[in-house]
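Okay, so here's the structure we're looking at.
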Amino acid sequence: MPELPEAERARALIADRGLGRVIAAVEDGDSYVCRPHAPGELAAALVGRRLTSANRIGKTLWLETDRGGPDLGLHLGMAGRIVIDEEPHERWDRFALTFDDGGRLALRDKRRLGRAVLEPDLSRLGPDAALATRAEFRAGVGRGAGPIKARIMDQAVIAGVGNLLADEILWQARIDPRRPANQLSGPELDALRRAVRAAVRHALREGGAHTGALNPHRERDGHCPRCGAPLSRARIAGRTTYWCPAEQR
DNA sequence: AGCATTGTTTCACA
DNA sequence: TTGTGAAACAATGC
């Protein structure tokens, strides 16, 4: 599930129900999810601290702590979500903070590809996909000979677009996902930027990256919900990609 | 049984 | 050197 909209939802949840609470204990025993930290390292750094802010760029979250404490970086990976004050889940809670009021914030993640780290490295993230300026977007997205889909999914170029959102955006903008990025015109890049913002807004409102108009048709033998043409399917940028060969040029 | 999967990182290669 | 694509990572669902 997690792309930018899900991450923003998690951030808002933490901002609403996590801030101001004091960490009494930390479940950091999953050394894969907490890598490169050893078990106990996050606990030692965080116990006694109060959560003071919840922030996000793209799909990466980080929480600030009081009195000069470290930032706690969280990433939802392929299947993670944040739950607060819910019954603990034995298998799928890969990391958790217990608060001194008895409550609990957990990273619940079936696939175990989520992350919890101290002082996350944000230096390799581009601007948030929904906030990139027109100049940033043109300069970053319009560069390189690789397919445009790979470009908008590159978190160092713009942060937050994953596979489902990328297909939706390109379909809305009527651009062929295989087009070399540096072959798109300025107006096309501007249209793509508008499609990114619209798709993010829509997904935020509707509850996730899977709520786009194209999504229900992203399957073998799917058809374009606009024109009815059979959708094409191929592996682009390492991910399964669906597009309308009649409309996307 | 085998394959696919909404994410990221690393590595081989051009 | 820079960029690109494939594979690895873990675990689950079809």
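Each residue of the first sequence is one higher than the last, beginning at 315 in this note's numbering.
All residues carry an ideal CB built from backbone N, CA and C; glycine is no exception.
Asked	Found
Within the region 348-401, ranges of the beta strand (DSSP E) (whole runs, at least 3 residues)	365-371, 374-379, 386-389 and 394-398
Contact between the region 541-558 and the region 472-490 (3+ Cβ pairs under 8 Å)	yes
Beta-carbon proximity of residue 384 to residue 432, cut-off 7 Å	yes
Exposure of residue 501, with buried meaning 16 or more beta-carbon neighbours within 10 Å	exposed
Bridge-paired residues (DSSP) for residue 546	557
Three CB pairs or more closer than 8 Å across the region 450-464 and the region 418-433	no
Cβ contact (3+ pairs, closer than 8 Å) linking the region 346-359 and the region 443-456	no
Beta-carbon proximity check, residue 318 vs residue 514, cutoff 7 Å	yes
Whole-angstrom distance between residue 418 and residue 401, CA atom to CA atom	9 Å
The region 402-422 / the region 472-484 touching (three or more Cβ pairs under 8 Å)	no
Cβ-Cβ separation, residue 483 to residue 509 (assumed contact under 8 Å), whole Å	5 Å
Residues of its chain near residue 329, where Cβ-Cβ distance is below 6 Å and the 5 sequence neighbours each way are ignored	368
Local Cβ density within 10 Å of residue 342, reported as buried at 16 or more and exposed below that	buried
Cα-Cα separation between residue 411 and residue 390, rounded to whole angstroms	15 Å
CB-CB length for residue 495 against residue 458, believed under 8 Å	5 Å
As assigned by DSSP and simplified to three states, the class of residue 337	strand
Completely contained beta strand (DSSP E) runs for the region 490-555, where each covers 3 or more residues	546-550
Contacts around residue 468, its chain only, beta-carbon distance under 8 Å, and the 5 residues preceding and following it disregarded	440
Beta strand (DSSP E) segment containing residue 432, residue limits	429-432
Beta-carbon gap between residue 427 and residue 392 smaller than 7 Å	yes
Unbroken stretches of the alpha helix (DSSP H), 4 residues or longer, contained in the region 421-462	448-455
Closest residue to residue 553 among 530, 527 and 466 (Cα-Cα distance)	466
C-alpha distance - residue 365 paired with residue 354, whole-angstrom precision	19 Å
Exposure of residue 526, with buried meaning 16 or more beta-carbon neighbours within 10 Å	buried
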